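Notes for the one structure printed next.
Number of protein chains: 2
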Amino acid sequence: MTQHFTEAASDETVNARIGPHTERRLAEVMSSLVTHLHAFAKDIQLTQAEWDAAIDFLTRTGQLCSAERQEFVLLSDELGLSMLVDAINNRRPAGATENTVLGPFHVDGAPVLEMGSDICLDGKGERCLFEGAILDLHGNPVEGARLDVWSDNADGFYDVQQPDVQPKWNNRGRFITGADGYYHFHGAKPTSYPIPDDGPVGALLSQLGRHPYRPAHMHFIITASGYQTVTTHTFVDGDTYLKSDAVFGVKQSLIAPIERLTGTDTQWRSRFNFVLIPA
Amino acid sequence: MTQHFTEAASDETVNARIGPHTERRLAEVMSSLVTHLHAFAKDIQLTQAEWDAAIDFLTRTGQLCSAERQEFVLLSDELGLSMLVDAINNRRPAGATENTVLGPFHVDGAPVLEMGSDICLDGKGERCLFEGAILDLHGNPVEGARLDVWSDNADGFYDVQQPDVQPKWNNRGRFITGADGYYHFHGAKPTSYPIPDDGPVGALLSQLGRHPYRPAHMHFIITASGYQTVTTHTFVDGDTYLKSDAVFGVKQSLIAPIERLTGTDTQWRSRFNFVLIPA
Numbered sequence: 269m270t271q272h273f274t275e276a277a278s279d280e281t282v283n284a285r286i287g288p289h290t291e292r293r294l295a296e297v298m299s300s301l302v303t304h305l306h307a308f309a310k311d312i313q314l315t316q317a318e319w320d321a322a323i324d325f326l327t328r329t330g331q332l333c334s335a336e337r338q339e340f341v342l343l344s345d346e347l348g349l350s351m352l353v354d355a356i357n358n359r360r361p362a363g364a365t366e367n368t369v370l371g372p373f374h375v376d377g378a379p380v381l382e383m384g385s386d387i388c389l390d391g392k393g394e395r396c397l398f399e400g401a402i403l404d405l406h407g408n409p410v411e412g413a414r415l416d417v418w419s420d421n422a423d424g425f426y427d428v429q430q431p432d433v434q435p436k437w438n439n440r441g442r443f444i445t446g447a448d449g450y451y452h453f454h455g456a457k458p459t460s461y462p463i464p465d466d467g468p469v470g471a472l473l474s475q476l477g478r479h480p481y482r483p484a485h486m487h488f489i490i491t492a493s494g495y496q497t498v499t500t501h502t503f504v505d506g507d508t509y510l511k512s513d514a515v516f517g518v519k520q521s522l523i524a525p526i527e528r529l530t531g532t533d534t535q536w537r538s539r540f541n542f543v544l545i546p547a
Numbered sequence: 269m270t271q272h273f274t275e276a277a278s279d280e281t282v283n284a285r286i287g288p289h290t291e292r293r294l295a296e297v298m299s300s301l302v303t304h305l306h307a308f309a310k311d312i313q314l315t316q317a318e319w320d321a322a323i324d325f326l327t328r329t330g331q332l333c334s335a336e337r338q339e340f341v342l343l344s345d346e347l348g349l350s351m352l353v354d355a356i357n358n359r360r361p362a363g364a365t366e367n368t369v370l371g372p373f374h375v376d377g378a379p380v381l382e383m384g385s386d387i388c389l390d391g392k393g394e395r396c397l398f399e400g401a402i403l404d405l406h407g408n409p410v411e412g413a414r415l416d417v418w419s420d421n422a423d424g425f426y427d428v429q430q431p432d433v434q435p436k437w438n439n440r441g442r443f444i445t446g447a448d449g450y451y452h453f454h455g456a457k458p459t460s461y462p463i464p465d466d467g468p469v470g471a472l473l474s475q476l477g478r479h480p481y482r483p484a485h486m487h488f489i490i491t492a493s494g495y496q497t498v499t500t501h502t503f504v505d506g507d508t509y510l511k512s513d514a515v516f517g518v519k520q521s522l523i524a525p526i527e528r529l530t531g532t533d534t535q536w537r538s539r540f541n542f543v544l545i546p547a
């Protein structure tokens, strides 16, 4: 292999430059990145005009990022990379509740509420009871599990997206299980909503013939001493977008049955048991 | 294959979403990108912390881009992608002059000068005569070939990098060959220089144990009616960085012999013949 560039050995030439004192994992990651990047360019015979377009796309994507907007995370979501990284790092045995993406709207420090409380503070939408149990793999209840839950409101926005419109902590709360491992709280029935699609990533989505919607879901982070943390959603069964979530967050096992209630102010009930595995 | 996300079929799930009316080439490019991107993440078992670092790196790279600075082009250069795209799109038969990267410092519209003129306007550095012939594959001279040439000054900066310091069009010019196909002009002997390394891309280069230097070179774009345009450099033989050009621009065939002259104000002579192929 020459130390000068050749098309055939392009990735080897680049990777041979990595210095002997380079941190080992960085060398491993960057070598693999270069090999796959060059294989991609060769496989599709990337043109100069396409390279120009890619540079322009990445530049606009970076320049749209701000404290309130992370366009590169959207790009990763849209390409399925966010879900893949989540999957690689959270493999669990059959029967354990699966992870899905955290998403950009989690906020630390939501109020700890009594079981049964209503997390919906703006009164919008239909009422839904969320209930179920936190269990271990043997079906035993997990006492002292903490559920951190959050969702969009009935208009499809999280409180942090509308700080001047929604009450603080709207559709957010934390709950601690008792000895029975049972949880129950009320909230607005979640609604499907589009991810921000007015930037370069939304334009790409549109060019690919894809819509920007996520199916309706409730977010959960469940932590319990001695158990692996589960970061996940429950998805509203029957939602139009279950098979076409713009960020690929849906897993079959996370679709929660929802049933209509009668004779109560609460119109819906969503039941889901979470199964934790040891840390 | 399920339409819901699974780790095993992650790229297929994403690519199955591409709509039926998507422009064919875009679908091809994006499918290949997703497949290679997912294979990369799987091969190295990308961690959540590494994904976080990648998002942060790309964001900072985008935010450093401006009218004067293109950090994503630097990234592409540093990863050898720019050279690879140039190679894929400019394959030529043996004997023809090879391309190398255009670089970010070309300016359209440099003055057309008489053969023999000195393009160095700031008087800095040692004088060098650049000479040779523009030939076809059979060794016949090409009449009416236009050479667009540019280089850094003796301090290692292009005029556009120092608009308040260097004269306009310093170390730039265009020349047209006569019937003999011969070219000759004077300029400063080029010097090696670092690519901008005070941003995220420079930091990565440093973490990889690489230096930011390019070996000394003169840029050429050679156009002639009926021939393929050649965008290339000649590299100064003997330069310290010939085997470690930060952007991988060096090809063995582009290293030009340079010889010291005596008894003249011009201290150096760089000889190089360019061989064009039909358009």
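Taken in order, these protein sequences are the chains called L and U.
Whatever position you read off the first sequence (first residue = 1), add 268 for the working numbering.
Whatever position you read off the second sequence (first residue = 1), add 268 for the working numbering.
Even glycine gets a Cβ: it sits at the ideal position worked out from N, Cα and C.
Predicted model only: the values in this text are computed from it and were never measured.
Assignment of beta strand (DSSP E) within the stretch 382–448 of chain U, counting only whole runs of 3 or more residues, yields 395–404, 414–418, 440–444 in chain order. Below the 7 Å Cβ cutoff, chain U contributes no neighbours of A284 of chain L, its closest Cβ being approximately 10 Å away. According to DSSP, residue pairing for M351 of chain L in a beta bridge does not occur. Taking a C-beta cut-off of 7 Å against chain L, the contacting residues of the stretch 311–326 of chain U are D311, I312, Q313, L314, T315, Q316, E318, W319, I323, L326, listed in chain order. For H289 of chain L, a Cβ of chain U is located within less than 7 Å of the residue's own Cβ. Contact between the stretch 465–478 of chain U and the stretch 446–456 of chain U is not established, with fewer than three Cβ pairs separated by less than 8 Å. Rounded to whole angstroms, the separation of the alpha carbons of N367 of chain U and D420 of chain U is 19 Å. Residue environment for L342 of chain L: buried (at least 16 other C-beta atoms within 10 angstroms of its C-beta). Counting the other Cβ atoms within 10 Å of the Cβ of G393 of chain L gives 16 or more, which makes it buried. Interface residue (Cβ-Cβ distance to chain U less than 7 Å): H304 of chain L is classified as such. Listed along chain U are T315, Q316, each with a C-beta nearer than 7 Å to that of N357 of chain L. Using a 10 angstroms sphere on the CB of G371 of chain U, the tally of other CB atoms reaches 16 or more, which defines it as buried. By DSSP's assignment, A524 of chain U forms a beta bridge with U:V504. Here V515 of chain L really is in contact with I463 of chain L; their C-beta atoms are around 7 Å apart, less than 8 Å.
Counting along the chain, A456 of chain U sits inside the beta strand (DSSP E) bounded by residues 450–456. For L529 of chain L, the closest of L:L397, L:T329, L:R414 by C-alpha to C-alpha distance is L:L397. Residue nearest to I490 of chain U within the set U:H501, U:I356, U:Y509, U:T303 is U:H501 (criterion: CA-CA distance).
The continuous alpha helix (DSSP H) containing L473 of chain L extends over residues 468–475.
If you check the CB distance, A547 of chain U and Q496 of chain U come in under 7 Å. Inclusion of A307 of chain L and H304 of chain U in the CB contact set at 7 Å is warranted, their separation being smaller than that value.
Not one beta carbon of chain L lies nearer than 7 Å to the beta carbon of F373 of chain U. Take G377 of chain U, set aside five residues on each side of it, and no residue of its chain has a beta-carbon closer than 8 Å to its own. With its beta carbon at least 7 Å from every one in chain U, S460 of chain L lies outside the interface. For F340 of chain U, the enclosing alpha helix (DSSP H) has its first and last residue at 339–346. Buried is the label assigned to N283 of chain L, since at least 16 other Cβ atoms lie within 10 Å of its Cβ.
Collapsing the DSSP output to three states places T327 of chain U in a helix.
Our two residues, A295 of chain U and L476 of chain L, have alpha carbons roughly 7 Å apart in a direct line.
Collapsing the DSSP output to three states places T281 of chain L in a helix. In this structure, A492 of chain U keeps its C-beta atom at 7 Å or more from the C-beta atom of L415 of chain U.
Of all alpha-carbon atoms in L:L405, L:D390, L:T315, the one lying nearest the alpha-carbon of A362 of chain L is that of L:L405. DSSP links L544 of chain L through a beta bridge to L:D404.
When the alpha-carbon of A484 of chain U is set against those of U:D466, U:R478, U:S512, the nearest one is in U:S512. Here I312 of chain L carries a helix assignment [DSSP, helix/strand/coil].
For L476 of chain L, at least one C-beta of chain U is nearer than 7 Å to its own C-beta.
Residues of chain U with a Cβ closer than 8 Å to the Cβ of K511 of chain L are, in chain order, Q271, H272.
The Cβ atoms of W418 of chain L and H487 of chain L sit closer than 7 Å to each other.
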